[in-house]
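2 protein chains.
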Amino acid sequence: MKIAIDVMGGDHAPQKVIAGIVAAAKGNKVELILVGNRGLIEAELATHGVNGLPLSIIEANQVITMDEPPAQAIRQKRDSSIMVGVNLVKRGEAAAFVSAGNSGAVMAAALVSLGTLDGIERPALGIHFPTPSGVSFLIDAGVNAECKPSLLVQFARMGSLYMEKVLGIPNPKVGLLSIGEEATKGNQWVRETHDSLKKTHLNFIGNIEANNAFNGIADVVVTDGFTGNIAVKLVEGVAERIIGLLNETLMSKPHYRLAGLALRPAFQDIAQRLDYREYGGGLLLGTKGVVVIAHGRSDARAIENAILRAKDALDRGILSALEDGHKKW
Amino acid sequence: MKIAIDVMGGDHAPQKVIAGIVAAAKGNKVELILVGNRGLIEAELATHGVNGLPLSIIEANQVITMDEPPAQAIRQKRDSSIMVGVNLVKRGEAAAFVSAGNSGAVMAAALVSLGTLDGIERPALGIHFPTPSGVSFLIDAGVNAECKPSLLVQFARMGSLYMEKVLGIPNPKVGLLSIGEEATKGNQWVRETHDSLKKTHLNFIGNIEANNAFNGIADVVVTDGFTGNIAVKLVEGVAERIIGLLNETLMSKPHYRLAGLALRPAFQDIAQRLDYREYGGGLLLGTKGVVVIAHGRSDARAIENAILRAKDALDRGILSALEDGHKKW
Numbered sequence: 051m052k053i054a055i056d057v058m059g060g061d062h063a064p065q066k067v068i069a070g071i072v073a074a075a076k077g078n079k080v081e082l083i084l085v086g087n088r089g090l091i092e093a094e095l096a097t098h099g100v101n102g103l104p105l106s107i108i109e110a111n112q113v114i115t116m117d118e119p120p121a122q123a124i125r126q127k128r129d130s131s132i133m134v135g136v137n138l139v140k141r142g143e144a145a146a147f148v149s150a151g152n153s154g155a156v157m158a159a160a161l162v163s164l165g166t167l168d169g170i171e172r173p174a175l176g177i178h179f180p181t182p183s184g185v186s187f188l189i190d191a192g193v194n195a196e197c198k199p200s201l202l203v204q205f206a207r208m209g210s211l212y213m214e215k216v217l218g219i220p221n222p223k224v225g226l227l228s229i230g231e232e233a234t235k236g237n238q239w240v241r242e243t244h245d246s247l248k249k250t251h252l253n254f255i256g257n258i259e260a261n262n263a264f265n266g267i268a269d270v271v272v273t274d275g276f277t278g279n280i281a282v283k284l285v286e287g288v289a290e291r292i293i294g295l296l297n298e299t300l301m302s303k304p305h306y307r308l309a310g311l312a313l314r315p316a317f318q319d320i321a322q323r324l325d326y327r328e329y330g331g332g333l334l335l336g337t338k339g340v341v342v343i344a345h346g347r348s349d350a351r352a353i354e355n356a357i358l359r360a361k362d363a364l365d366r367g368i369l370s371a372l373e374d375g376h377k378k379w
Numbered sequence: 051m052k053i054a055i056d057v058m059g060g061d062h063a064p065q066k067v068i069a070g071i072v073a074a075a076k077g078n079k080v081e082l083i084l085v086g087n088r089g090l091i092e093a094e095l096a097t098h099g100v101n102g103l104p105l106s107i108i109e110a111n112q113v114i115t116m117d118e119p120p121a122q123a124i125r126q127k128r129d130s131s132i133m134v135g136v137n138l139v140k141r142g143e144a145a146a147f148v149s150a151g152n153s154g155a156v157m158a159a160a161l162v163s164l165g166t167l168d169g170i171e172r173p174a175l176g177i178h179f180p181t182p183s184g185v186s187f188l189i190d191a192g193v194n195a196e197c198k199p200s201l202l203v204q205f206a207r208m209g210s211l212y213m214e215k216v217l218g219i220p221n222p223k224v225g226l227l228s229i230g231e232e233a234t235k236g237n238q239w240v241r242e243t244h245d246s247l248k249k250t251h252l253n254f255i256g257n258i259e260a261n262n263a264f265n266g267i268a269d270v271v272v273t274d275g276f277t278g279n280i281a282v283k284l285v286e287g288v289a290e291r292i293i294g295l296l297n298e299t300l301m302s303k304p305h306y307r308l309a310g311l312a313l314r315p316a317f318q319d320i321a322q323r324l325d326y327r328e329y330g331g332g333l334l335l336g337t338k339g340v341v342v343i344a345h346g347r348s349d350a351r352a353i354e355n356a357i358l359r360a361k362d363a364l365d366r367g368i369l370s371a372l373e374d375g376h377k378k379w
């Protein structure tokens with residue numbers, strides 16, 4: 051099994067991406083293909099001890115920047131690390147592709163080049179969220195800004211299959227994000243989706259409100275990509291703001307500083323439980339091939355976890371699970 | 051100036067609502083009308099020292115519960131504290147109404163009984179959010195689950211006028227909540243609203259992403275009531291979860307407990323800055339009359355702040371500001 055990684059993508063490329071790749075290769079039996087500028091990659095690898103590690107390089111000499119319009123970028127930059135990497139998956143030379151680059155471009159490339167699985171009209175991005183007792187899976191976290199109810203039902207099925215087959219949760223509870231628990235609450239697409247989900251064989255527990263979204267009452271939280279993306283970024287913003295407030299307050303008085311020092315390991319533990327880097331990025335579900343979209347700000351740790359996320363999904367047979375699941379739907 | 055308060059509404063009614071009313075009346079020159087069951091109110095007031103306070107009672111002997119369908123409830127319960135309170139405003143016997151009860155019913159009662167201001171098709175709920183440097187105002191936080199762009203432009207104008215006239219912010223910056231800063235990002239209603247807002251005289255700074263929504267780059271954050279309600283509840287959920295994690299961690303080891311004790315005032319300060327109770331509830335803008343919708347979980351402090359929020363809006367002439375503003379639009 052080989053996993054291709056976009057070495058040119060993300061705010062800290064290529065240095066921290068490569069550091070993450072080296073860490074993943076050292077700790078796990080996985081062959082990694084580094085996609086990007088060969089000169090840059092070789093120079094950077096030379097700073098690590100990589101003798102004997104199962105690393106190879108596939109050259110790609112264009113870079114899609116973070117703010118390029120995705121559709122245009124993937125048409126015009128055939129030799130970009132994103133297009134070259136996705137095409138490795140398409141040709142079967144890699145089983146998965148990981149990128150911290152322009153997420154719109156990665157999704158567009160995956161959709162255009164890999165296509166969708168049978169029964170799936172559009173891929174969706176699934177994100178892991180920590181809950182008091184484990185993780186929940188939010189889908190769609192940002193691919194489809196406009197969703198009809200039939201798409202949301204497909205997302206619910208993919209999320210449920212992922213939680214069951216990859217994370218091993220039996221009969222995952224599926225909740226629909228809305229502004230009230232009653233079936234009559236929400237906007238039109240939520241009400242229609244609610245009715246459709248009730249007719250499936252999924253373990254649909256009904257609408258859930260945002261304050262309950264990440265307390266573990268649902269294993270899968272289904273929403274459209276607009277709402278999902280806002281939810282994910284809001285959580286990130288709020289967590290950062292609270293941690294910022296904590297730091298500010300602890301520095302504000304000498305005796306706070308002392309007590310803060312004693313609590314440093316505790317704060318680090320909390321920050322880690324809230325840290326996007328621990329959760330290995332988002333998983334694009336529904337394309338013919340595994341694609342992991344890491345956070346643009348990924349450091350080495352986040353890249354390593356994103357690679358392990360892809361490996362885990364492959365090891366547990368996510369693609370065949372989604373395909374088999376579809377046949378039973 | 052008189053303000054009517056729903057004594058029967060909220061999770062902690064009537065005790066804590068009445069405690070909040072007494073606190074507001076003691077500290078401020080404002081006449082308060084307590085709306086609800088006279089026997090309950092008199093018994094509760096007897097436990098406080100209320101001699102000489104400008105309090106009066108208007109009897110209402112039905113209660114709309116938190117989970118009643120709003121439209122039906124306001125039709126059937128004419129003698130509910132919500133309907134009686136809103137009708138005091140309609141008849142000019144109170145200048146504002148404050149309730150921590152069924153928010154859907156309060157909004158429906160206000161809309162049906164008071165009607166909307168000239169130029170406003172639908173009222174919207176505005177919520178204050180703490181930012182590093184002050185507050186931002188999110189509108190709509192949950193009244194209109196479905197919004198066409200013209201409504202969102204009206205919300206933007208109301209929010210801008212509120213921030214300028216009531217909070218004294220000159221030329222408030224207006225941002226549109228979306229999933230990318232570019233005008234082309236978002237779903238269809240966001241793109242259309244973006245184009246419409248650019249044509250107004252508002253200080254429109256463009257789309258803002260959710261992670262930047264509460265860092266103060268915009269004074270007014272405009273969104274539809276579905277997204278806005280999810281945002282508000284998500285922030286509440288995340289803040290509670292982080293505070294819960296902090297408490298858990300601090301109790302987990304004896305030396306953490308000691309350091310945590312030293313930091314208690316610091317934590318309380320942070321919790322206060324994040325606490326919905328400090329911000330006095332949501333302000334329903336666009337109806338002919340001031341209505342403040344306090345959080346269902348309001349304690350005495352939250353009720354007191356909600357009353358002061360209403361008083362402040364009245365003192366600064368929010369209704370005439372919205373009406374005059376409309377003529378200039």
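Read top to bottom, the protein sequences are chains A and B. Under my numbering, the first residue of the first sequence carries the number 51, and numbering increases by one thereafter. Under my numbering, the first residue of the second sequence carries the number 51, and numbering increases by one thereafter. Glycine residues also receive a C-beta, built at the ideal position from the N, C-alpha and C atoms.
Have a look at B/VAL113, B/LEU161, B/HIS178 and flag the residue whose alpha-carbon is nearest the alpha-carbon of B/GLU171. Walking along the second sequence from the start, residue 171 of chain B turns up at place 121. Residue B/LEU161 is the option with its Cα nearest to B/GLU171.
State the DSSP-derived secondary structure class of B/LYS303, mapped to helix, strand or coil. Position 253 of the second sequence, counted from the start, is the residue given in the question as residue 303 of chain B. In the structure shown, B/LYS303 sits in coil (DSSP, three-state: anything other than H, G, I, E or B).
Going by the C-beta, is B/ASN261 closer than 7 Å to any heavy atom of the ligand FMN? Among the ligands in the structure shown, none appear at all, so the ligand FMN cannot be discussed.
When you compare the region 201-208 of chain B with the region 280-289 of chain B, are there three or more beta-carbon pairs, one atom per stretch, that lie closer than 8 Å? no
Pairwise C-alpha distance: B/ASN237 and B/LYS66: Taking the first residue of the second sequence as 1, we reach residue 66 of chain B at position 16. Taking the first residue of the second sequence as 1, we reach residue 237 of chain B at position 187. Answer to the nearest angstrom: the Cα atoms are 43 Å apart.
Give the residues from the region 255-268 of chain A that approach chain C closer than 8 Å (Cβ to any Cβ), ordered along the chain. As a matter of chain content, chain C is missing from the structure shown, whose protein chains are A and B.
Between the C-alpha atoms of B/ARG359 and B/LEU227, what's the straight-line distance to the nearest angstrom? What you label residue 359 of chain B is simply residue 309 of the second sequence in a count that begins at 1. What you label residue 227 of chain B is simply residue 177 of the second sequence in a count that begins at 1. Spanning the two alpha carbons is a distance of roughly 25 Å.
Am I right that A/LEU335 and A/PRO173 are in contact with their C-beta atoms under 8 Å? What's the rounded C-beta distance? If you number the first sequence from 1, residue 335 of chain A lands on position 285. If you number the first sequence from 1, residue 173 of chain A lands on position 123. In this structure A/LEU335 touches A/PRO173 by the C-beta definition: roughly 6 Å separates them, less than 8 Å.
Show which residues of chain A have a CB atom less than 7 Å away from the CB atom of B/HIS305. Along the second sequence, one-based indexing puts residue 305 of chain B at 255. Near B/HIS305 (Cβ distances below 7 Å), the residues of chain A are ALA312.
Apply the 10 Å Cβ neighbour rule to B/GLY135 and answer buried if 16 or more other Cβ atoms are within range, or exposed otherwise. Position 85 of the second sequence, counted from the first residue, corresponds to residue 135 of chain B. Its Cβ being crowded by 16 or more others within 10 Å, B/GLY135 is buried.
By DSSP, does A/ASP56 sit in helix, in strand, or in coil? Locating residue 56 of chain A in the first sequence gives position 6, where the first residue counts as 1. Strand, per DSSP.
Is it the case that the Cβ atoms of B/THR166 and B/THR337 are separated by a distance below 8 Å? Locating residue 166 of chain B in the second sequence gives position 116, where the first residue counts as 1. Locating residue 337 of chain B in the second sequence gives position 287, where the first residue counts as 1. Yes.
Please list, in chain order, the residues of the region 216-231 of chain A that have any C-beta partner in chain B closer than 7 Å. Answer set for the region 216-231 of chain A: LEU227, ILE229.
Excluding the five sequence neighbours on either side, which residues of its own chain have a C-beta within less than 8 Å of the C-beta of B/VAL185, listed in chain order? Along the second sequence, one-based indexing puts residue 185 of chain B at 135. Excluding residues within five positions, the ones whose Cβ falls inside 8 Å are HIS178, PHE179, LEU217, TYR329.
In angstroms, rounded to a whole number, what distance separates the CA positions of B/ALA75 and B/LEU103? Numbered from 1 along the second sequence, position 25 holds the residue referred to as residue 75 of chain B. Numbered from 1 along the second sequence, position 53 holds the residue referred to as residue 103 of chain B. A straight line joining the alpha-carbon of B/ALA75 with that of B/LEU103 spans about 6 Å.
Simplified DSSP state of A/PRO120, which is helix, strand or coil: As a first step, residue 120 of chain A must be located in the first sequence, where it is residue number 70. Helix at A/PRO120.
Determine the DSSP secondary structure at A/HIS178, reduced to helix, strand or coil. As a first step, residue 178 of chain A must be located in the first sequence, where it is residue number 128. In the structure shown, A/HIS178 sits in a strand (DSSP, three-state: E or B).
With distance defined between alpha-carbon atoms, name the residue in A/SER149, A/VAL100, A/ILE124 nearest to A/ALA63. Counting from one through the first sequence, the residue named residue 63 of chain A turns up at place 13. Selected option, being the one with the closest Cα: A/SER149.
Can you pull out the residues from the region 183-215 of chain B whose beta carbon lies closer than 8 Å to at least one beta carbon of chain A? GLY192, ALA195, GLU196
Whole angstroms is fine: what's the gap from B/PHE147's alpha carbon to B/LEU82's? The sequence position of residue 147 of chain B within the second sequence is 97, counting from 1. The sequence position of residue 82 of chain B within the second sequence is 32, counting from 1. So the alpha carbons of these two residues sit roughly 10 Å apart.
Am I right that A/VAL340 and A/LEU372 are in contact with their C-beta atoms under 8 Å? What's the rounded C-beta distance? Position 290 of the first sequence holds residue 340 of chain A. Position 322 of the first sequence holds residue 372 of chain A. A/VAL340 to A/LEU372, Cβ: 10 Å. No contact.
With three or more beta-carbon pairs closer than 8 Å as the criterion, would you say the region 97-114 of chain A touches the region 302-313 of chain A? Output reads no: the region 302-313 of chain A does not touch the region 97-114 of chain A.
Indicate whether at least one CB of chain A lies closer than 8 Å to the CB of B/VAL288. For this step, residue 288 of chain B is matched to residue 238 along the second sequence. Using beta-carbon distances, B/VAL288 counts as an interface residue toward chain A, with a partner under 8 Å.
Give the secondary structure of A/VAL72 by DSSP, where H, G and I count as helix, E and B as strand, and everything else as coil. Along the first sequence, read from residue 1 onward, the residue named residue 72 of chain A stands at position 22. A/VAL72 falls in the helix class under three-state DSSP.
At 9 Å on the CB atoms, spell out the chain B contacts of A/PHE276, in chain order. The residue you call residue 276 of chain A lines up with position 226 of the first sequence. What A/PHE276 touches in chain B: SER228, ILE229, GLY236, ASN237, VAL240, THR277.
Measuring straight from C-alpha to C-alpha, what distance separates A/LEU164 and A/LYS215? In the first sequence, residue 164 of chain A corresponds to position 114, counting from 1. In the first sequence, residue 215 of chain A corresponds to position 165, counting from 1. Rounded to whole angstroms, A/LEU164 to A/LYS215 spans 22 Å at the Cα level.
Please state the DSSP three-state secondary structure of B/LYS127. Translated into the one-based positions of the second sequence, residue 127 of chain B becomes position 77. DSSP places B/LYS127 in coil when its eight states are reduced to three.
Contact list for A/VAL285 against chain B, beta-carbon separation under 7 Å: Indexing the first sequence from 1 puts residue 285 of chain A at position 235. Contact of A/VAL285 with chain B by beta-carbon distance below 7 Å involves LEU284, VAL288.
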